[in-house]
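Comments concern the structure below.
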Amino acid sequence: MDKKDKEKKQVLLRLSPRLWEELAEWAEDDFRSINGQIEYLLNECVKHRKRTNSKKIAD
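With this note's numbering, letter number 29 in the sequence shown gets 77, and the count goes up by one each step, no holes.
Written out as structure tokens, the structure reads:
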């Protein structure tokens, strides 16, 4: 992990109360904060997108 990865950017995010509750429950199940859960999910989505895009390019 380089220095750039260690620097965190702040993002204002508005969520519906229902989505907030779902994320809070999920985060608790995974022993993460809500912020940590959102960051984890976004990282997983980016990884998935990269894998999907590389498969499309290979085809």
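Just so it is clear, CB atoms sit at the ideal spot from N, CA and C, and this is done for glycine as well. It should be emphasised that the depicted structure is a prediction, and the values quoted were computed from it without experimental measurement.
What's the C-alpha gap between G84 and K104?
30 angstroms
- Quick one: grab the DSSP three-state call for Q58. coil
Problem set entry | Straight-line Cα distance separating L61 from W74 | 18 angstroms
If I measure Cβ to Cβ from I82 and keep anything under 7 angstroms in the same chain, skipping five residues before and after, which residues do I get? L71, A72 and A75
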